[in-house]
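To keep things clear, I will list the structure first and then write my remarks on it.
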Amino acid sequence: MRQQARKLVNDLPGPLRRVRVRAGAAVIEVEWQEPRAGGYPGRVEETVLLPVPNGSAEPPAVAGTVLGSPMVGTFYRAAAPTDAPFIEVGDPVEEGQTVGIVEAMKLFNPIVAECAGTVAEILVGNGEPVQFGQPILRLASGDGAPAADPER
Numbered sequence: 006m007r008q009q010a011r012k013l014v015n016d017l018p019g020p021l022r023r024v025r026v027r028a029g030a031a032v033i034e035v036e037w038q039e040p041r042a043g044g045y046p047g048r049v050e051e052t053v054l055l056p057v058p059n060g061s062a063e064p065p066a067v068a069g070t071v072l073g074s075p076m077v078g079t080f081y082r083a084a085a086p087t088d089a090p091f092i093e094v095g096d097p098v099e100e101g102q103t104v105g106i107v108e109a110m111k112l113f114n115p116i117v118a119e120c121a122g123t124v125a126e127i128l129v130g131n132g133e134p135v136q137f138g139q140p141i142l143r144l145a146s147g148d149g150a151p152a153a154d155p156e157r
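Just so we're aligned, residue 6 is where the sequence shown starts under this note's numbering, counting upward by one.
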């Protein structure tokens, strides 16, 4: 269901405003802004109901800990354009380690790992805009197994 939600969010015609995913009864609510003819943002809401596989009300197992953006801004993988990225896929990460930065209003805000693990996937490219809560990267636990989901 998370993969379906991620695909839906990536296919939106405008900036993401809000996402709500519920596994029981499988409801996904998405809200985004869409430019109007006059250039002013409009508000569009869409509710998509997706069937739960095999009729189960249980959500699928989480494939790692996902770190989201703490704010709206621009994501950078390195402190400067000529510097090496903070992390690469496969790198071990310690709790509290800086894994990227988000620039907002000319201030650079570090994104720190909430837990130790191994970088399994980087979901946002360098210099791409991010929304509040947008998934930035996924960590697997240090032994290669998915890290525990703090929401479970």
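Where a beta carbon is used, it is the ideal one built from N, C-alpha and C, also for glycine.
Between the alpha carbons of Val117 and Gln102 lies a distance of about 5 angstroms. Taking the Cα positions, Phe80 is about 20 angstroms away from Gly95.
According to the DSSP assignment, Thr79 belongs to the beta strand (DSSP E) that extends over 78 to 81.
Leu142 sits buried, since 16 or more C-beta atoms from the chains shown fall within 10 Å of its C-beta. Burial is judged here by how many other beta carbons sit within 10 angstroms of a residue's own beta carbon; Gly130 has fewer than 16 and is exposed. For Ala125, the three-state secondary structure derived from DSSP is strand.
Gly122 places its beta carbon less than 8 angstroms from that of Thr70.
Across the set Glu100, Leu144, Gln136, Ile92, the C-alpha of Gln136 shows the shortest separation from the C-alpha of Glu108. With a cutoff of 8 angstroms on beta-carbon distance, Pro140 and Gly73 are scored as near each other. For Gly95, there is no enclosing beta strand (DSSP E), as DSSP marks it with neither H nor E. About 5 angstroms separates the Cβ atoms of Val104 and Phe91, confirming a contact at the 8 angstroms cut-off.
The alpha-carbon separation between Pro97 and Thr87 amounts to approximately 22 angstroms.
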